[in-house]
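Taking it in order: structure first as structure tokens, then the write-up.
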Amino acid sequence: MSSSAAARDSILQAIRRARAGADAVPDAPPAYRTPAALLGGIEQFCAYAGEEAATSEHVGRMEDVPPAVLRYVTGQGLAMRVVVAADLDLDAAVWAAAQPLQITGGPVERDGDTLVTGCYAGVAEAGALIMLSSSGVPNEAKFLAATHIAAVRAVDILPTFEALWTRLRGDFTDRWPRTMNWIVGPSRTADLGVPSKLGAHGPARVHIIIIDA
Amino acid sequence: MSDTTTATNDSGARPRGRVALFVTCLVDLYRPEIGFAAVQLLERAGFVVEVPRQGCCGQPNFNSGDRAGAGKIASRVIDRFAPFDYVVAPSGSCAAMLRVHYPGLFSAGSEARRAAARLAEKTFELTSFLYDIAGLREVAAELDGVVTYHDGCSGLRELGVARQPRELLKSISGIELREMNQPDACCGFGGLFCMKYPEISERITGSKVRDILATDADYLVAGDLGCLLQMAGTLERNGHAVKAVHVAEVLAGMIGPDRSADH
Amino acid sequence: METTSRQFRQLSRHALEQATLQHSLDGVREIMPRIRAAALAERGDFDALCDRARDIRERTLRQLDSYLEAFERRVQAAGGTVHWAATGEEACRIVAQICRDAGAERLIKSKSMVTEEIELNAALERDGFTVTETDLGEYIIQLRGEKPSHILAPSLHVTLDEVAETFHQHHDIERSGPLTNATEMLAEARSIMRDKFLQADVGITGANFLVAETGAAVIVTNEGNADLTASLPDTHIVVTGIEKAVPTLDDVGVLLRVLARSAIGERLSNYTTFVHGPRRDGEASGPANYHVVLVDNGRSEMLGTEFQDMLRCIRCSACLNHCPVYTAIGGHAYGSVYSGPMGAVLTPAFAGLPAAAHLPNASTFCGRCEAVCPVRIPLPSLLRRWRQRELNARPVMDGQRFGLGLWRWLNHWPPAYSLAIRCAARVLRRLSVPGRGGQRWIRRLPLLGAAWTDCRDLPAPPGRTFQDEWRRRRS
Ligand code: SF4
Chain C
-16 MSSSAAARDS ILQAIRRARA GADAVPDAPP AYRTPAALLG GIEQFCAYAG
34 EEAATSEHVG RMEDVPPAVL RYVTGQGLAM RVVVAADLDL DAAVWAAAQP
84 LQITGGPVER DGDTLVTGCY AGVAEAGALI MLSSSGVPNE AKFLAATHIA
134 AVRAVDILPT FEALWTRLRG DFTDRWPRTM NWIVGPSRTA DLGVPSKLGA
184 HGPARVHIII IDA
Chain W
6 MSDTTTATND SGARPRGRVA LFVTCLVDLY RPEIGFAAVQ LLERAGFVVE
56 VPRQGCCGQP NFNSGDRAGA GKIASRVIDR FAPFDYVVAP SGSCAAMLRV
106 HYPGLFSAGS EARRAAARLA EKTFELTSFL YDIAGLREVA AELDGVVTYH
156 DGCSGLRELG VARQPRELLK SISGIELREM NQPDACCGFG GLFCMKYPEI
206 SERITGSKVR DILATDADYL VAGDLGCLLQ MAGTLERNGH AVKAVHVAEV
256 LAGMIGPDRS ADH
Chain G
20 METTSRQFRQ LSRHALEQAT LQHSLDGVRE IMPRIRAAAL AERGDFDALC
70 DRARDIRERT LRQLDSYLEA FERRVQAAGG TVHWAATGEE ACRIVAQICR
120 DAGAERLIKS KSMVTEEIEL NAALERDGFT VTETDLGEYI IQLRGEKPSH
170 ILAPSLHVTL DEVAETFHQH HDIERSGPLT NATEMLAEAR SIMRDKFLQA
220 DVGITGANFL VAETGAAVIV TNEGNADLTA SLPDTHIVVT GIEKAVPTLD
270 DVGVLLRVLA RSAIGERLSN YTTFVHGPRR DGEASGPANY HVVLVDNGRS
320 EMLGTEFQDM LRCIRCSACL NHCPVYTAIG GHAYGSVYSG PMGAVLTPAF
370 AGLPAAAHLP NASTFCGRCE AVCPVRIPLP SLLRRWRQRE LNARPVMDGQ
420 RFGLGLWRWL NHWPPAYSLA IRCAARVLRR LSVPGRGGQR WIRRLPLLGA
470 AWTDCRDLPA PPGRTFQDEW RRRRS
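Protein chains in written order, with our numbering: chain C, -16 to 196; chain W, 6 to 268; chain G, 20 to 494.
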């Protein structure tokens, strides 16, 4: 028996010993329900993301994303080159509309790159973007880029964590995505005094494009 | 009871009940006037006040880990105070000792535990008794000055005393109640703590004093003499003129420029 | 667990003398309660959430074995390996072996209190590995060879100037002038850290929660360093305590809601990562090897004891931020990686009561910690239980035991009590001198009383006790 297996036995035994004779554990209550007064939608999502220093805008359709990216990149004075993740369901022809923006499929290499991704969902109660690992996007890209532009469909913005769990359970039943990353605004650190400084390791800018249709 | 002295209710109406004053050992020793102020407030509210012979509530033992000793002291207090309708203490921390901690000192299901629970139920901190039980909403007192109120930790967190003293203080004519930053922060007293770790205690009180001074208040008011001794001693040592007074003294109208706190 | 808690007195005196530390602690005292209160105000259901959070943690602890086993099955099914370590040394050995098997040299780490507790870095460095902390605060103290002074903000005690100095000492900084502001220092750290991330062979993280339902290790950060640590190297090792299990995703949701609000006054930390296992076929990136090391190190021993409630702790640090003692002396004075009220309960459990006896005693019992604890741990009661054990372990002729015994005796004999109080009243009155406004003060007391008058004056009693005066007036 390896030492880890021996440890496993001794730990589990110690736990069971401690439990012995204790009262039966009551059943778990039904899932938590957020009071109606606190439930929010897209507006809450944008407001809360905004308080965490993310910016957001609305566009009508998926095809409107490239021009919005171009506007944002130009407005921020960023390099005219963006890495577009494969999870964004847009073909090259549509991106042509965003010229002179240079489009690449990655990877994110330089500290300063701008990354454009899709998004599994948004959660309004925290202003959080919910990203899943997938075959298309190297997971680390979301944390290496200096600017992250995420496109999320309005219908995917859920009010609460509970709504997200329901959706995840429906989509994945048993085989959970390898990683799920929740992102609220830019990376920051509080270790160099108050207020927090943006851009600790990951993006210093997070921009959300909400697709209404 | 031979060692219990009884006062008559001076409002003339039928007494609303017999209150035993748990005066606390600090008031007994350091500032008897607080005890008299409490008696006056209770009598004016229509209660008959008695003072059974008494000592400490046992907190020093309890908080030092001497449960057995605390239990012995508690039994004594329970015996002495059981006959009354109410037990009232001009201290949140001693009232909390009786109300919150006494029952747990005795084994579950025992008669002693039941007796402790009965006592706990009828024990109150002075201002919460006046406000919540006696229904008092204003007091007949005057004070021309700015006061700031410090929440004693046990009273606030174990008994929920916060609104009652403030409402009653605000009813005093001429008074201005000015909140300090973090009135709920500990003053650094902590019972024996201030003797065991005096430097840390001093530092905690230092922050508290800064918050008190920032209000520019004339009086620092609190409901616990322990906190008051700690803060008064620090204010005095550092030459600050703010007067530290007990809420009972203020409510009873014993505080004012012409009424010296020292007797 | 190694501690220097025996030197609490010296360490706290030292801390009180350090002006820059005191300045940082003032900041904690002022800011943290305010931002927490603001974050709570928005959630009308915060109390209900805390009750839930307490129940979830309580329920988990009472069936910890089955949740850990369920978690283990899930991780294994996803292709990961779960290791069990009864002690800190065992955990360190397991991690080192994984690193050796991976042929690793360079390791990166994201902040984890468990790894501080078991002193993992020191063990790995002894084994020849290079370890780099990637949480900025943790990185700063690593360079300085210090221990964390706050469970969430480990470099709280380090000033900006000191950070600049530290970077100059340890980095090959090409620029001519010194780093002068936080922005420059952050840029410097970011660029150094980039290389470390890209070159690392193994990434080590902690975990805030282990979800039995899905097998996820949930990791919360603000910097995003844990995400990089878990994504870039070829091997990811999660090292965490066995008590971190929670039953379901629903439970994680409740705990996350109270965690960030209590910790930093935010709705949610910036990054929350759920890791389920190693890279899958067809995935563009991710670690090929995934390990979870479950550390006991004294935790199972606390189960079923009067200290079990402490295992509910989610390490939010609210109790530190609201503690008058912590905000007076900071974390280092506790001599333990766990400081503040939670540290004062945990350290005696992990390091033994004799080594840490000061910690439970150095509390005013103000109860603010319990009031802000999101999982409602009765911290003062737990501290009081340690005091009880400590008192009982003292010799019979110990001064404190004697004093308490005497007090108990006096309170049992009213005549003796009255006499004692009467004497005290007169003696104290004698010792007093006139002060302002007609009040008399005691400026100096002998013997034990000096502990009072060294720091403050003592108002003089009138010399006659309330009880005597009452009986005189009423007779
Ligand atoms: S004891 Fe409670 S308040 Fe303190 S860190 Fe743990 S969970 Fe937070």
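By construction, the Cβ of each residue, glycine as well, lies at the ideal position given by its N, Cα and C atoms.
Nearest in C-alpha terms to G105 of chain C, of all of C:G58, C:R(-1), C:A79 and C:V135, is C:V135.
Contact of M163 of chain C with chain G by beta-carbon distance below 7 Å involves F293.
Per DSSP, K213 of chain W is one residue of the alpha helix (DSSP H) stretching across P203 to A219. The beta carbon of S39 of chain C does not come within 7 Å of any beta carbon belonging to chain G, so the residue lies off that interface. Closest in C-alpha terms to Q486 of chain G, from the list W:R23, W:V44 and W:G22, comes W:V44.
Closest by C-alpha distance to T254 of chain G, out of G:R125, G:Y290, G:L372 and G:E409, is G:R125. Among the residues of the region 241 to 269 of chain G, those with a Cβ less than 9 Å away from any Cβ of chain C are N241, E242, G243, N244, D246, L247, A249, S250, L251, I261, P266, T267, L268 and D269, in the order of the chain. Of the heavy atoms belonging to the ligand SF4, at least one sits nearer than 6 Å to the Cβ of I396 of chain G. At a cut-off of 7 Å between C-beta atoms, V47 of chain G does not count as an interface residue with respect to chain W. In the three-state reduction of the DSSP assignment, D180 of chain G falls in the helix class. Shortest Cα-Cα distance from E488 of chain G to any of W:H245, W:I39 and W:E126 involves W:I39. According to the DSSP assignment, Y86 of chain G belongs to the alpha helix (DSSP H) that extends over L83 to A96. If you check the C-beta of C332 of chain G against the ligand SF4, you find a heavy atom less than 6 Å away. Listed along chain G is no residue with a C-beta nearer than 9 Å to that of L22 of chain C; the closest approach is about 11 Å.
Q218 of chain G is bridged by DSSP to nothing; it lacks a bridge partner. Taken in chain order, the unbroken stretches of alpha helix (DSSP H) that lie wholly in the region 132 to 174 of chain G and span 4 residues or more are 132 to 136, 139 to 145 and 155 to 163.
Counting of Cβ neighbours within 10 angstroms places V114 of chain G among the buried residues, the total reaching 16 or more.
With 16 or more other Cβ atoms inside 10 Å of its own Cβ, I205 of chain W counts as buried.
Using a Cβ-Cβ cut-off of 7 Å, P37 of chain W counts as an interface residue toward chain G, since at least one Cβ of chain G sits closer than that to its own. Of the candidates W:V144, W:R72, W:G140 and W:S212, the residue whose Cα lies closest to the Cα of S112 of chain W is W:R72.
Counting only runs that start and end inside the region 152 to 211 of chain W, the alpha helix (DSSP H) elements of at least 4 residues fall at 158 to 164, 168 to 175 and 198 to 201. Spatial neighbours of V265 of chain G in its own chain (CB-CB distance under 8 Å, excluding positions within 5 residues in sequence) are listed in chain order as I75, R76, T79, Y86, F228, L229, V230, A231, V271 and L274. Residue-level contact check: W405 of chain G does not touch chain C, since none of the beta carbons of chain C fall below 7 Å from its beta carbon.
A Cβ-Cβ distance of about 5 Å is found for the pair T239 of chain W and R475 of chain G, placing them in contact under the 8 Å criterion. In the assembly as shown, S115 of chain W is an exposed residue. Its beta-carbon has fewer than 16 other beta-carbons within 10 Å. Annotation for M361 of chain G indicates a beta carbon within 6 Å of some heavy atom of the ligand SF4. Within the model, the alpha-carbon separation for I211 of chain G versus Y31 of chain C is close to 32 Å.
Rounded to the nearest angstrom, the gap between the Cα atoms of G193 of chain W and M132 of chain G is 29 Å.
Considered as a whole, the region 108 to 143 of chain W harbours 116 to 126 as its complete alpha helix (DSSP H) runs of no fewer than 4 residues, in chain order. Interface residue (Cβ-Cβ distance to chain C less than 7 Å): R395 of chain G is not classified as such.
Interface residue (Cβ-Cβ distance to chain G less than 7 Å): E92 of chain C is not classified as such. L175 of chain C carries a coil assignment under DSSP once its states are collapsed to helix, strand and coil. If you check the CB distance, V56 of chain C and V99 of chain C do not come in under 7 Å. Closer than 7 Å to the CB of H190 of chain G there is not a single CB belonging to chain C. At a cut-off of 7 Å between C-beta atoms, G386 of chain G counts as an interface residue with respect to chain W.
Three or more beta-carbon pairs separated by less than 8 Å link the region 88 to 104 of chain W to the region 17 to 29 of chain W, which places the two stretches in contact.
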